[in-house]
Amino acid sequence: MILLISDLHLEEERPDITRAFLHFLDTRARHAEALYILGDFFEVWIGDDAMTPFQQGIAQALRRLADSGTRIYLMHGNRDFLLGKAFCREAGCTLLGDPHVLPLNGEKTLLMHGDSLCTLDIGYQKMRRLLRNPLSLFILRNLPLSTRHKLARKLRSESRSKTRMKASDIVDVTPDEVQRVMARHGVKTLIHGHTHRPAVHELLVDGKMVRRIVLGDWDKQGWALQVDENGFNQSAFALD
0 MILLISDLHL EEERPDITRA FLHFLDTRAR HAEALYILGD FFEVWIGDDA
50 MTPFQQGIAQ ALRRLADSGT RIYLMHGNRD FLLGKAFCRE AGCTLLGDPH
100 VLPLNGEKTL LMHGDSLCTL DIGYQKMRRL LRNPLSLFIL RNLPLSTRHK
150 LARKLRSESR SKTRMKASDI VDVTPDEVQR VMARHGVKTL IHGHTHRPAV
200 HELLVDGKMV RRIVLGDWDK QGWALQVDEN GFNQSAFALD
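If you're matching positions, the sequence shown starts at 0 in numbering that gives the first Met the number 0 and goes up one per residue.
What follows is the structure, given as structure tokens:
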């Protein structure tokens with residue numbers, strides 16, 4: 000059994016999500032061969048050198064799961080793209096590139112966070128390219144902690160404000176980009192998060208029916224996609 004989750008946005012201000020996640024690790028995830036976390040695991044991450052006791056506690060919980068035999072894979076999201084090797088070493092997880100292709104149930108499957116698919120959001124894509132540039136990442140990681148805290152607060156505030164003002168189709172994936180990416184990688188299944196709109200979409204790519212599985216965010220409830228001999232099944236559960 001494989002489990003996939005995304006968009007937990009862990010932060011101290013949401014202890015309900017943290018409790019639900021820790022319970023998830025100690026129960027359901029213990030029976031999984033692997034756990035994939037497809038981005039926005041934390042609400043904000045300003046660098047491995049700035050880990051708080053709360054974040055260290057999450058890393059230790061992941062390490063306990065890894066030590067129990069469950070492989071853990073982590074992908075960057077737009078909120079936590081500064082997560083690095085130090086955190087992964089402490090948490091016992093492997094950092095994946097975005098996109099990432101792997102076989103699930105013998106089927107070539109594409110994993111993404113999903114923000115790069117929202118190409119109609121031109122302003123965001125420009126900012127994404129700037130922030131993910133290796134030089135920009137180097138500069139960001141070496142800024143004083145106080146400066147990084149201020150920058151993170153500014154980016155979060157602007158993101159929330161702009162998202163509220165944008166049309167729904169702009170903050171969702173662009174259909175043409177989904178088809179392009181799936182055709183490029185030659186996959187019949189794409190799994191991503193980011194949009195907070197859990198669903199399964201069927202579409203036609205190169206004359207073949209394919210599917211796009213959108214993972215749910217952990218806010219009013221938790222979500223997990225389970226892949227086993229019965230196929231791909233996503234379900235929600237109460238945070239309490």
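From the three backbone atoms N, C-alpha and C, an ideal C-beta is built for every residue, glycine too.
Restricting attention to alpha helix (DSSP H) runs no shorter than 4 residues, the region 80-107 encloses them at 84-90, ordered along the chain.
Residue pairing by DSSP puts glutamine 225 in a beta bridge opposite Leu2 and Asn232. Annotated as distal: phenylalanine 53 and leucine 7, with beta-carbon spacing of 8 angstroms or more. Looking at the DSSP output, phenylalanine 41 sits in a beta bridge with Leu9.
Counting along the chain, leucine 119 sits inside no alpha helix (DSSP H), nor does DSSP assign it H or E at all. If you ignore the 5 residues before and after methionine 0, its C-beta comes within less than 8 angstroms of the C-beta of His30, Ala31, Glu32, Gln225, Val226 and Asp227, all in its own chain and listed in chain order.
Judged by DSSP secondary structure, histidine 22 falls within the alpha helix (DSSP H) whose first and last residues are 14-25. Excluding its 5 nearest sequence neighbours in each direction, cysteine 117 has C-beta neighbours in its own chain below 6 angstroms: Val172, listed in chain order. One alpha carbon belongs to leucine 101, the other to leucine 110, and they sit about 8 angstroms apart. Aspartate 216 and leucine 61 have their C-alpha atoms some 19 angstroms from each other.
In this structure, the CA atom of serine 145 is about 10 angstroms from the CA atom of isoleucine 45.
Within the region 165-216, the alpha helix (DSSP H) runs of at least 4 residues that lie entirely inside it are, in chain order, 174-184.
The three-state reading of DSSP puts alanine 33 in strand, counting E and B together. Between isoleucine 16 and leucine 238, the alpha-carbon positions lie close to 6 angstroms from each other.
Contact annotation: leucine 34 and leucine 2 have beta-carbon atoms nearer than 8 angstroms.
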